[in-house]
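**Q** Once you've had a glance at the structure underneath, I'll fire off some questions.
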Amino acid sequence: MQRTCESHVIPEPEICERARQSRDPRFDGRFFIAVLTTGIYCRPVCPARTPAQENVRYYPTAAAAQDAGYRPCMRCRPERAAALPAWTVSSATVIRALDLINAGCLNTGSIADLAAALGIGTRQLNRLFQDELSASPKSIARMQRLQLARQLIDETDLPFSEVALASGYGSLRRFNDEVKRVFGRPPGVLRRLPRVVRAGTDIVLRLPLRQPYDANWVLGFLARRSLAAIEGVQGRRYYRRIGRCGGTNTEVSAELGDRYAVVTIPASEARHAGRHLARIRRMFDLDADSATIDAHLAEHCVLNVERGGIRVPGAWDGFELAVRAVLGQQVSVARARNLANTMIERFGDGTFPSPEQLASADVAALGMPGSRGEAISLLARRVLDGTLDLQPGMDVGGLREQLCAIPGIGPWTAEYVAMRAGRDPDAFPDSDWVVCRYLEATPAQARDLAAAWRPWRAYALMYLWLASTRAAAA
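Quick note: the sequence shown uses our numbering, first residue 20, plus one each step.
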């Protein structure tokens with residue numbers, strides 16, 4: 020059986036065959052099935068009759084199948100599949116590029132702009148994407164726009180002009196043409212198909228939760244660190260204020276159900292819907308493949324992974340996370356949260372302070388060592404002058420070195436920022452107090468013990484922190 024694509028992202032053909040025959044949900048989003056006899060491509064969980072083995076080909080991404088001339092299945096809806104886990108991609112440059120594409124850089128910029136941001140040429144960028152994903156950056160961005168457009172068509176009553184804008188299309192005509200070309204029907208016909216639209220003026224969209232997913236851990240983690248002025252957790256709902264006054268329709272929220280995260284976005288933020296969805300994906304680590312991660316970590320008896328599905332909570336904003344990491348140095352979570360709340364009151368005018376506000380602020384006056392306050396101010400200045408990038412698509416490898424070059428910031432803080440803001444699944448602060456205490460080891464010994472957990476040491480750290488939280492509550 021041909022594999023069709025040589026990308027290592029696709030599981031072995033025998034695994035793909037077993038996964039599609041059993042409709043194994045663990046492989047949803049890991050690969051797509053193209054059917055030669057029908058010209059369509061499907062998800063591994065498609066409920067349609069299973070085609071004969073000789074009539075199928077496998078692709079690592081929907082964009083690759085689309086580029087090969089196949090059209091999406093109207094039953095399983097490939098655009099609804101969970102996103103490809105980042106760990107399946109071996110190139111750090113491609114991972115960074117995907118983050119930038121998810122942030123919308125190709126909606127307004129060019130391939131040359133993307134390549135320049137990554138420090139490589141356009142030919143090298145295209146080659147890396149073909150090697151990893153069997154599709155070009157342009158095709159990946161096009162599919163991302165289509166996926167969001169289809170979701171907004173199906174799940175909202177937004178005017179098509181607003182759907183086009185929110186999805187990253189430069190014109191309504193381009194939006195109409197692209198939707199009809201890919202889905203075979205114009206937007207108006209697609210919207211007349213059976214669908215679920217929730218009442219109200221807000222935009223309400225669903226993001227799939229790749230199972231297993233430990234919602235209690237993620238929500239508890241965020242709740243313990245929430246800042247009253249800008250965010251909070253109520254039951255299974257996380258909310259984030261995006262306006263200064265905290266009034267009506269100024270919150271983006273995500274409520275975690277059994278299968279989906281239900282995201283609510285104010286109608287006034289429609290044009291930024293894609294950006295907010297990307298933030299929620301990062302905050303809740305929605306794209307991690309917990310089944311694979313847990314299976315690897317379960318081989319090491321020092322970790323109790325029976326609960327399964329633990330995730331590494333991300334950050335709403337990279338700069339905010341970095342500042343809060345410095346505030347949390349050598350103090351408790353509660354103390355760090357109090358300092359951050361005071362910082363918002365003193366410098367932020369109802370929102371978390373910007374780099375401009377902290378660059379020259381007397382941060383130490385909040386009640387911390389002068390060196391720590393100066394570290395935060397210098398951190399802000401490095402962001403302002405462009406020497407430190409904390410946006411999606413950041414160079415995580417260089418991030419650690421840049422952070423540690425700031426007096427007052429050490430390896431623990433750099434690893435923590437790399438883990439939560441940089442989304443590095445292998446980040447590991449070996450000097451962490453819980454790590455050393457639980458493992459009964461020095462930082463060097465902890466680092467040696469954790470080598471067996473690679474490339475998912477960040478998830479192992481979450482299990483260690485979970486064990487510590489349980490012990491404290493006992």
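Every residue, glycine too, gets a C-beta built ideally from N, C-alpha and C.
1. For Phe303 and Glu274, what's the separation of their Cα atoms in angstroms?
2. Exposed or buried, which one is Asp277 when buried takes at least 16 other CB atoms within 10 Å?
3. Report the three-state DSSP secondary structure of Tyr78 (helix, strand or coil).
4. Look at the alpha carbon of Ala166 and the alpha carbon of Gly369, and state the distance between them as a whole number of angstroms.
5. Give a yes or no on contact between the region 77 to 90 and the region 291 to 298, applying the rule of three or more CB pairs nearer than 8 Å.
6. Keeping to the same chain, check which residues put their C-beta closer than 6 Å to that of Gly327; ignore five residues upstream and five downstream.
7. Could you spell out the range, first to last residue, of the alpha helix (DSSP H) harbouring Ser509?
8. Just mark Asp443 as buried or exposed, buried being the case when its beta carbon has 16 or more other beta carbons within 10 Å.
9. In this structure, how does DSSP classify Pro448 when only helix, strand and coil are distinguished?
10. For my contact list, Val352 and Arg244 are in at a C-beta cut-off of 8 Å; report their separation, rounded to the angstrom.
11. Please determine if the region 88 to 103 and the region 134 to 144 are in contact, where contact requires at least 3 C-beta pairs separated by less than 8 Å.
12. Just checking my contact of Val436 with Ala341 at CB under 8 Å: how many whole Å lie between their CB atoms?
13. Please go through the same chain and pick out, in chain order, the residues whose beta-carbon is closer than 6 Å to the beta-carbon of Ala446, but skip the five residues on each side of it.
14. Is any heavy atom of the ligand ADP found at a distance shorter than 8 Å from the C-beta of Cys92?
15. What separation, rounded to the nearest whole angstrom, lies between the Cα atoms of Gly88 and Ser309?
16. Taking Ala53 as the reference, which of Tyr77, Glu73 and Arg68 has the closest Cα?
17. For Phe46, I'd like the list of residues in its chain whose CB is within less than 6 Å of its CB, leaving aside the five on either flank, ordered along the chain.
18. Terminal residues of the continuous beta strand (DSSP E) containing Ile222?
19. Within this structure, are the beta carbons of Ala380 and Arg391 separated by less than 9 Å?
20. Residues in its own chain within less than 8 Å of Ile120 by CB, not counting five upstream and five downstream?
21. Could you check the C-alpha separation between Thr361 and Phe338 for me, to the nearest Å?
22. Taking only runs that begin and end inside the region 279 to 364, name each unbroken beta strand (DSSP E) of 3 or more residues, in chain order.
23. Considering only residues of the same chain and omitting the five flanking positions on each side of Cys264, which have a CB-CB separation below 8 Å?
24. So Ala273 is in the beta strand (DSSP E); what residue range does that whole segment cover?
25. Go ahead and label Thr267 buried or exposed: buried means 16 or more other beta carbons lie within 10 angstroms of its beta carbon, across all protein chains shown.
26. Round the Cβ separation of Glu250 and Arg259 to the nearest angstrom and send it over; I've been treating them as touching at under 8 Å.
**A** Checking against the coordinates, here is how it stands:
1. 11 Å
2. exposed
3. strand
4. Reading off the sequence, residue 166 comes out as Gln, not Ala. Looking at the two C-alpha atoms, the distance is approximately 34 Å.
5. no
6. Pro231 and Asp313
7. Any property of residue 509 remains undetermined from this structure, which presents the chain solely from 20 to 493.
8. buried
9. coil
10. 6 Å
11. no
12. 5 Å
13. Glu434, Ala437, Met438 and Ala477
14. The model depicted lacks the ligand ADP and carries no ligand whatsoever.
15. 32 Å
16. Tyr77
17. Ala38 and Pro63
18. Ile222 to Pro227
19. no
20. Leu133, Pro156, Ile159, Ala160 and Gln163
21. 17 Å
22. 279 to 284
23. Low per-residue confidence applies at Cys264: pLDDT is 42, beneath 50, and the placement is therefore not dependable enough to give any value.
24. Glu270 to Leu275
25. At Thr267, the pLDDT of 49 sits below 50, so the modelled position is not reliable; the number obtained from the coordinates is stated separately. Thr267 is exposed by the Cβ-count criterion.
26. 5 Å
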